[in-house]
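Novice: Please see the structure below; I have some questions.
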Ligand code: AMP
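In this note's numbering, the protein residues as written are 97 to 298.
If you want it as structure tokens, here you go:
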């Protein structure tokens, strides 16, 4: 199996993104551009293992550009999400196992436009970050304010005193896909005790 993540280097990026082929073609193209950029930067792509939508576009582009790709897909989804088995693919038993394996193998998270599944994945990672369980960077690609309603909801929970203000520092967003990898690098922990006292999951 592939190497483990390193907390202060960007060797592996987990990408959460939509599985729908009906997405705006510009989003599909940006997903492919990110895949190529990851390959060029020699950063391994960790993703949900499907061959559809933005997921498939990103993985195919990374693979075709010579990049390393790890797909993690639950058995029951291999047909529906058309597992892209040209790359290293781990078939797991459940959604929970998938998410934990993707988390363990990633140094950072990129979030592209997606639907309810993408939302579920990123909100869990951010909730773990809010609890101090990890310090891995999370950066949204936010073309045309795609994620603005979610950012507003985050801020609403902060304004209402339900989420601590530091939560707003735990993620970033970029408008242009080419700014995504630099933003992830900028968010890497700089010291061994970047978040003292955090009970890390990894
Ligand atoms: P969507 O954004 O709805 O197109 O979903 C994007 C990806 O997230 C798809 O591969 C879904 O299978 C996946 N997904 C949805 N819910 C979960 C979950 N609870 N845990 C892990 N992956 C999920």
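Glycine included, each C-beta is placed from N, C-alpha and C at the ideal position.
Are the CB atoms of residue 110 and residue 208 nearer to each other than 7 Å?
Specialist: Taking the first residue of the chain shown as 1, we reach residue 110 at position 14. Taking the first residue of the chain shown as 1, we reach residue 208 at position 112. No, Cβ-Cβ distance for residue 110 and residue 208 is not below 7 Å.
Novice: If residue 183 and residue 165 are in contact, beta carbons under 8 Å, what's the gap, nearest whole angstrom?
Specialist: Working through the chain shown from its first residue, we reach residue 183 at position 87. Working through the chain shown from its first residue, we reach residue 165 at position 69. About 4 Å separates the two Cβ atoms, so the contact holds.
Novice: On the DSSP bridge assignment, give the partners of residue 94 in chain order.
Specialist: The shown model of the chain, from 97 to 298, leaves out residue 94, and the question about it has no answer.
Novice: Have a look at residue 159 and residue 257 and give me their C-alpha separation to the nearest angstrom.
Specialist: Taking the first residue of the chain shown as 1, we reach residue 159 at position 63. Taking the first residue of the chain shown as 1, we reach residue 257 at position 161. The alpha-carbon atoms of residue 159 and residue 257 are separated by roughly 44 Å.
Novice: Expressed to the nearest angstrom, what Euclidean distance is found between the alpha-carbon atoms of residue 196 and residue 255?
Specialist: Translated into positions along the chain shown, residue 196 becomes position 100. Translated into positions along the chain shown, residue 255 becomes position 159. Distance between the alpha carbons of residue 196 and residue 255: 31 Å.
Novice: Apart from the five residues on each side of it in sequence, which residues of its chain come closer than 8 Å, Cβ to Cβ, to residue 177?
Specialist: On the chain shown, position 81 is the one that residue 177 refers to. Closer than 8 Å at the Cβ level, and outside the excluded window around residue 177, lie 115, 144, 145, 146, 147, 148, 151, 169.
Novice: Is residue 186 close to chain B? Criterion is C-beta to C-beta, closer than 7 Å.
Specialist: Chain labels in this structure do not include chain B; a single protein chain is all it has.
Novice: Can you check the stretch 214 to 291 for any beta strand (DSSP E) of at least 3 residues that lies completely inside it and give the ranges in chain order?
Specialist: Counting whole runs of 3 or more residues, the stretch 214 to 291 contains the beta strand (DSSP E) stretches 234 to 237, 268 to 270.
Novice: Check the C-beta distance from residue 239 over to residue 271 and give it rounded, since I have them as a contact under 8 Å.
Specialist: Along the chain shown, one-based indexing puts residue 239 at 143. Along the chain shown, one-based indexing puts residue 271 at 175. Right, the Cβ-Cβ distance comes to about 6 Å (below 8 Å), so this counts as a contact.
Novice: Can you give me the start and stop residues for the beta strand (DSSP E) that residue 118 sits inside?
Specialist: Translated into the one-based positions of the chain shown, residue 118 becomes position 22. Counting along the chain, residue 118 falls outside any beta strand (DSSP E), and DSSP gives it neither H nor E.
Novice: Indicate the three-state DSSP secondary structure (helix, strand or coil) for residue 204 in the structure shown.
Specialist: Residue 204 sits at position 108 when you count from the first residue of the chain shown. Three-state result, residue 204: strand.
Novice: Check for me: the beta strand (DSSP E) holding residue 184 runs from which residue to which?
Specialist: Reading the chain shown from its first residue, position 88 is the one you call residue 184. Residues 184 to 188.
Novice: How about residue 204 and residue 106: do their beta carbons lie closer than 7 Å?
Specialist: As a first step, residue 204 is located in the chain shown; it is residue number 108 there, counting from the start. As a first step, residue 106 is located in the chain shown; it is residue number 10 there, counting from the start. For residue 204 and residue 106, yes; Cβs fall inside 7 Å.
Novice: Nearest by alpha-carbon distance to residue 162: which of 265, 275, 131 is it?
Specialist: Residue 162 sits at position 66 when you count from the first residue of the chain shown. Among 265, 275, 131, the Cα nearest to that of residue 162 belongs to 131.
Novice: Drop a sphere of 10 angstroms on the beta-carbon of residue 223, count the other beta-carbons inside from all chains shown, and report buried for 16 or more, exposed for fewer.
Specialist: The residue you call residue 223 lines up with position 127 of the chain shown. It is exposed - the Cβ of residue 223 has fewer than 16 other Cβ atoms within 10 Å.
Novice: Let me check you understand the geometry: is the CB of residue 232 closer than 6 Å to at least one non-hydrogen atom of ligand 1?
Specialist: Translated into positions along the chain shown, residue 232 becomes position 136. It does not: the Cβ of residue 232 is nowhere closer than 6 Å to a heavy atom of ligand 1.
Novice: For residue 235, which of 124, 136, 141, 277 has the nearest alpha-carbon?
Specialist: What you label residue 235 is simply residue 139 of the chain shown in a count that begins at 1. Closest option to residue 235, Cα to Cα, is 277.
Novice: Where does the unbroken alpha helix (DSSP H) through residue 160 begin, and where does it stop?
Specialist: In the chain shown, counting from the first residue as 1, residue 160 sits at position 64. Unbroken alpha helix (DSSP H) run through residue 160: 149 to 160.
Novice: Relative to ligand 1, is the shortest distance from any of its heavy atoms to the C-beta of residue 82 smaller than 6 Å?
Specialist: Outside the displayed range of the chain (97 to 298) lies residue 82, so it cannot be described from this structure.
Novice: Less than 8 Å between the CB atoms is what I'm expecting for residue 142 and residue 198, so what's the real figure, rounded?
Specialist: Looking up residue 142 in the chain shown gives position 46. Looking up residue 198 in the chain shown gives position 102. That pair is a contact at about 5 Å.
Novice: By the three-class DSSP mapping on this structure, what secondary structure does residue 175 have?
Specialist: The residue you call residue 175 lines up with position 79 of the chain shown. Looking at residue 175 - three-state DSSP - the assignment turns out to be coil, as it is neither helix nor strand.
Novice: Leaving aside the five residues before and after residue 268 along the sequence, list all residues of the same chain whose C-beta is less than 7 Å from its C-beta, in chain order.
Specialist: Walking along the chain shown from the start, residue 268 turns up at place 172. Here the set comprises 235, 279, 283.
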